[in-house]
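Numbering-wise, full-length UniProt numbering puts 182 at position 182 of the sequence shown, and it's gapless, one number per residue. Where a beta carbon is used, it is the ideal one built from N, C-alpha and C, also for glycine. Because the structure is a prediction, the values reported are computed rather than measured.
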Amino acid sequence: MTAELASIIDFIRYGASRFSAAGLTFGHSHDNPIDEATHLVLASLHLPPDIPPAYGAGRLTAAERENVLALIERRVSERLPVAYLVGETWFAGLKFKSDRRALVPRSPIAELIESGFAPWLDERQIERALDMCTGSGCIGIAMAEYNPGWRVDIVDISEEALSLARENIVFQHVEGRVEAIQSDLFAGVQGRRYDLIVSNPPYVTEDEYTALPGEYAHEPKLGLTSGTDGLDLCLRMLDEAADHLTDDGLLIVEVGESEHALAALLPEVPFIWIEFKVGQMGIFALERRDLVEHAAAIHAVAAARRPT
1 MTAELASIID FIRYGASRFS AAGLTFGHSH DNPIDEATHL VLASLHLPPD
51 IPPAYGAGRL TAAERENVLA LIERRVSERL PVAYLVGETW FAGLKFKSDR
101 RALVPRSPIA ELIESGFAPW LDERQIERAL DMCTGSGCIG IAMAEYNPGW
151 RVDIVDISEE ALSLARENIV FQHVEGRVEA IQSDLFAGVQ GRRYDLIVSN
201 PPYVTEDEYT ALPGEYAHEP KLGLTSGTDG LDLCLRMLDE AADHLTDDGL
251 LIVEVGESEH ALAALLPEVP FIWIEFKVGQ MGIFALERRD LVEHAAAIHA
301 VAAARRPT
């Protein structure tokens with residue numbers, strides 16, 4: 001059946017059909033089988049995602065055909081995310097290495113980075129920024145790429161994730177401006193203050209994790225779950241962040257579907273839920289002064305779930 005396949009377009013179409021027929025889940029950078037198949041085929045051929053359409057007629061060699069077909073079958077049979085199969089993915093217009101050491105980059109924060117965090121940073125002078133729970137390093141590294149004047153620390157508790165992040169620092173040639181630090185939240189950056197802290201922490205609830213499709217089982221659980229309501233790490237961050245922000249500092253955190261639980265826990269805190277091109281995505285902005293003003297309420301909620 002596959003003997004009739006010859007061109008790049010042929011293999012993209014075939015892959016998309018196989019993925020649709022197999023009922024795969026598309027949640028790792030792509031939301032449809034065509035984009036998923038395009039990523040797999042082009043990356044396996046070492047081609048960029050924006051090649052001119054004329055290249056679609058290019059014919060694969062025998063070795064390329066064999067490799068692409070094997071990857072398509074592994075995507076179907078093993079439910080492996082494409083980024084792990086080909087070892088790379090794109091975030092905020094930049095290519096990153098990707099493997100099982102960290103989650104596949106896919107945060108809507110990419111849109112904020114590409115837009116210069118407008119309007120949130122329009123009147124602010126940013127010199128130091130922090131990417132908390134960095135995983136592959138994609139958010140912090142992208143911030144540095146888009147803002148050459150910033151110095152960025154990227155922090156994670158997982159040494160495995162940080163080993164991948166350090167590879168991406170070198171891959172993107174930002175060694176002089178991005179520092180990777182192993183730390184349980186702020187423990188490893190004591191004494192440092194930032195004008196901007198951005199975080200995409202684990203926020204999947206235990207119940208949600210149990211119900212996730214098979215693709216997510218290949219990612220480190222440490223990077224996904226955070227307690228029964230998905231907010232354990234976020235609440236700790238809120239409780240500690242003011243001590244690590246400059247006076248006019250800003251905190252931006254992604255909590256996804258846990259947005260409503262967080263608003264219910266801290267109804268008095270003036271979270272600003274950011275609007276994206278597709279609507280709200282469970283990402284809030286909060287000024288340091290608001291963290292200070294509501295510190296008692298935040299601390300009480302955070303302390304209530306800390307182990308005794």
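Under 7 Å between the Cβ atoms of residue 215 and residue 25?
-> Looking up residue 215 in the sequence shown gives position 215. Looking up residue 25 in the sequence shown gives position 25. Yes, these two residues count as a Cβ contact at 7 Å.
Does DSSP put residue 196 in a helix, a strand or coil?
-> Counted from its first residue, the sequence shown places residue 196 at position 196. Looking at residue 196 - three-state DSSP - the assignment turns out to be strand.
Minimum length 3: unbroken beta strand (DSSP E) runs contained in the region 179-267 = Fully enclosed beta strand (DSSP E) runs of 3 or longer: 194-199 and 245-254.
Note down the Cα distance separating residue 6 from residue 94, rounded to an integer number of angstroms.
-> In the sequence shown, residue 6 corresponds to position 6, counting from 1. In the sequence shown, residue 94 corresponds to position 94, counting from 1. Approximately 29 Å, taken between the alpha carbons.
Pull up the DSSP beta-bridge partners for residue 159, would you.
-> Mapped onto the sequence shown, residue 159 falls at position 159. Residue 159 is not bridged to any residue.
Do the region 151-158 and the region 123-133 meet, that is, are 3 or more Cβ pairs less than 8 Å apart?
-> Between the region 151-158 and the region 123-133 there are three or more C-beta pairs closer than 8 Å, enough to call the two in contact.
Rounded Cβ spacing between residue 245 and residue 197 (contact assumed at less than 8 Å) | Numbered from its first residue, the sequence shown carries residue 245 at position 245. Numbered from its first residue, the sequence shown carries residue 197 at position 197. Yes, residue 245 and residue 197 are in contact; Cβ-Cβ is about 6 Å, under 8 Å.
Closest to residue 261 by CA distance: which of 43, 298, 272 and 229 is it?
-> Walking along the sequence shown from the start, residue 261 turns up at place 261. Answer by Cα proximity: 229.
Complete alpha helix (DSSP H) runs within the region 108-153 (minimum length 4 residues, chain order) | You should have 109-114 and 138-146.
Use the C-beta contact count for residue 4: other C-beta atoms within 10 angstroms, 16 or more gives buried, fewer gives exposed.
-> As a working note, residue 4 is residue 4 in the sequence shown. By the 10 Å Cβ count, residue 4 comes out exposed.
Measuring CB to CB, does residue 302 end up less than 7 Å from residue 239?
-> Residue mapping note: residue 302 aligns to position 302 of the sequence shown, counting from 1. Residue mapping note: residue 239 aligns to position 239 of the sequence shown, counting from 1. Annotated as proximal: residue 302 and residue 239, with beta-carbon spacing under 7 Å.
Measure the Cβ-Cβ separation of residue 162 and residue 190 and say whether it is below 7 Å.
-> Start at 1 with the first residue of the sequence shown, and residue 162 comes out as number 162. Start at 1 with the first residue of the sequence shown, and residue 190 comes out as number 190. Residue 162 is not a Cβ neighbour of residue 190, given a cutoff of 7 Å.
Note down the Cα distance separating residue 306 from residue 139, rounded to an integer number of angstroms.
-> In the sequence shown, residue 306 corresponds to position 306, counting from 1. In the sequence shown, residue 139 corresponds to position 139, counting from 1. Approximately 28 Å, taken between the alpha carbons.
Span of the alpha helix (DSSP H) holding residue 25?
-> Position 25 of the sequence shown holds residue 25. Note, residue 25: premise wrong, no alpha helix (DSSP H); not H, not E.
Grouping DSSP H, G and I as helix and E and B as strand, with all else coil, what is residue 51?
-> Counting from 1 along the sequence shown, the entry for residue 51 is found at position 51. Residue 51 carries a coil assignment under DSSP once its states are collapsed to helix, strand and coil.
Start and end of the beta strand (DSSP E) containing residue 286?
-> The residue labelled residue 286 in the question sits at position 286 within the sequence shown. Element bounds for residue 286: 279-287.
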